[in-house]
Ligand code: DP6
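Residue numbers (the UniProt record's numbering): 4 to 326.
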């Protein structure tokens with residue numbers, strides 16, 4: 004139990020979104036989802052159990068975490084201790100190479116890395132499917148970050164049946180995702196609260212149907228490496244998800260003026276024949292899906308609007324690794 008274990012996990016962006024829970028405490032989603040793991044953004048986490056500790060010691064980039072983040076991680080560690088039948092607390096050091104809470108999904112890479120490091124340090128199995136189930140209970144989208152490339156999270160109906168599986172771990176297709184950072188501020192409504200609020204929308208049941216119906220055509224389009232179909236399904240899926248925020252009671256939105264400007268720019272580029280599509284998560288940043296050959300034309304259009312500093316080009320990335 005004394006050895007330190009370090010794990011590294013990359014963030015992922017959903018092409019078919021997870022947005023809604025059938026079980027709040029086990030984090031069983033209302034629908035299946037599909038994502039792309041990215042190379043650019045990742046988290047490394049070191050876990051070392053220590054018999055002298057009276058509570059978990061948690062730091063993020065060398066600093067103490069805010070209380071809500073602490074609580075979520077302690078709760079997760081309690082689950083690990085329960086699984087491993089131990090009572091020892093741990094030192095947990097996290098380094099985030101992801102803009103925290105700016106809609107670039109640091110909780111996905113964060114809980115995937117924590118699940119990997121904590122499970123191994125506690126002597127639990129490091130089977131990826133098992134780690135995916137553990138990570139899911141920290142943050143749903145984290146279940147997908149155990150794997151590289153294109154990943155399918157099966158919603159399932161209980162803890163054993165809800166886990167992610169790779170579709171293609173090593174992607175050779177030069178697909179790219181350009182993140183447009185329209186705000187670096189902490190998001191106001193986190194995904195946990197946002198999706199719960201969306202479940203009050205009269206359209207929520209239709210969202211679940213739409214998302215489940217998108218799974219098989221998205222899978223086929225990914226295998227065909229068909230950017231047009233992948234982009235169209237992803238864009239429609241994301242906007243259907245965001246429609247449940249606008250129709251929630253009370254309504255809310257993740258869009259800011261920059262998001263609208265970015266989506267308009269992508270639509271305009273498409274009219275000029277460039278294959279590019281957008282998706283958005285629980286924050287105002289926009290992510291553009293395209294192929295590598297079209298990146299220069301897209302950046303040329305976006306740079307005057309947002310500045311190079313706010314544009315990040317990401318490629319498909321790997322699954323969990325131990326350092
Ligand atoms: C919009 O996984 O962050 O990014 O399970 O409550 O922690 P919790 O939510 P989280 O939600 C991610 C929502 C999303 C879409 C997605 O990643 O599929």
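Positions of the beta carbon are idealized from the N, C-alpha and C atoms, including for glycine.
Just so you know, these numbers come straight off a predicted model, no measurement behind them.
Rounded distance between the beta-carbons of residue j and residue i, thought under 8 Å
i: residue 309; j: residue 181; result: That belief does not hold up - the Cβ atoms of residue 309 and residue 181 are roughly 10 Å apart, past 8 Å.
i: residue 49; j: residue 9; result: 4 Å
i: residue 203; j: residue 252; result: 5 Å
i: residue 20; j: residue 214; result: 7 Å
Proximity test, residue i beta-carbon vs the ligand DP6 heavy atom, cut-off 7 Å
i: residue 20; result: yes
i: residue 236; result: no
i: residue 89; result: no
i: residue 183; result: no
i: residue 260; result: no
i: residue 143; result: yes
i: residue 30; result: yes
i: residue 195; result: yes
i: residue 138; result: no
i: residue 81; result: no
i: residue 284; result: yes
i: residue 158; result: no
i: residue 36; result: yes
i: residue 128; result: no
i: residue 12; result: no
i: residue 219; result: no
i: residue 350; result: Any answer about residue 350 is impossible in this case: the structure gives the chain only from 4 up to 326.
i: residue 214; result: no
i: residue 167; result: no
i: residue 17; result: yes
Same chain, Cβ closer than 7 Å to residue i, five either side skipped, listed in chain order
i: residue 211; result: 23, 33 and 34
i: residue 30; result: 24, 139, 140 and 143
i: residue 207; result: 23, 201 and 247
i: residue 287; result: 106, 185, 186, 257, 258, 259, 261 and 262
i: residue 231; result: 278
i: residue 13; result: 40, 41, 42, 44, 45, 112, 148, 320 and 321
i: residue 316; result: 179, 181 and 298
i: residue 311; result: none
i: residue 294; result: 177, 178, 179, 230 and 278
i: residue 73; result: 61
i: residue 266; result: 281 and 289
Cut-off 6 Å between Cβ atoms - residues of its own chain near residue i, not counting five sequence neighbours on either side
i: residue 283; result: 241 and 289
i: residue 306; result: none
i: residue 104; result: With a pLDDT of 42 at residue 104, under the threshold of 50, the modelled position of that residue is not reliable, and no figure is offered here.
i: residue 300; result: 277
i: residue 135; result: 146, 149, 166 and 167
Spatially closest choice to residue i from the options, by CA coordinates
i: residue 191; options: 228, 255 and 214; result: 255
i: residue 92; options: 56, 122 and 65; result: 56
i: residue 4; options: 209, 51 and 25; result: 51
i: residue 71; options: 82, 137, 26 and 193; result: 193
i: residue 172; options: 125, 164, 270 and 225; result: 225
i: residue 297; options: 177, 244, 199 and 162; result: 177
i: residue 96; options: 84, 81 and 121; result: 121
i: residue 101; options: 63, 227 and 169; result: 63
i: residue 197; options: 127, 268 and 249; result: 249
i: residue 285; options: 28, 162, 275 and 244; result: 244
i: residue 160; options: 326, 26 and 318; result: 26
i: residue 6; options: 274, 123 and 199; result: 123
Test item: CB-CB of residue i and residue j under 8 Å
i: residue 38; j: residue 16; result: yes
i: residue 156; j: residue 148; result: no
i: residue 42; j: residue 322; result: no
i: residue 99; j: residue 109; result: yes
i: residue 324; j: residue 11; result: yes
i: residue 59; j: residue 80; result: yes
i: residue 83; j: residue 125; result: yes
i: residue 238; j: residue 281; result: yes
i: residue 137; j: residue 154; result: no
Contacting residues, own chain, Cβ-Cβ under 8 Å from residue i (five flanking each side not counted)
i: residue 220; result: 232 and 236
i: residue 314; result: 181, 182, 183, 184, 302, 305 and 306
i: residue 326; result: 9, 10, 11 and 47
i: residue 77; result: 58, 59 and 61
i: residue 268; result: 304, 305 and 308
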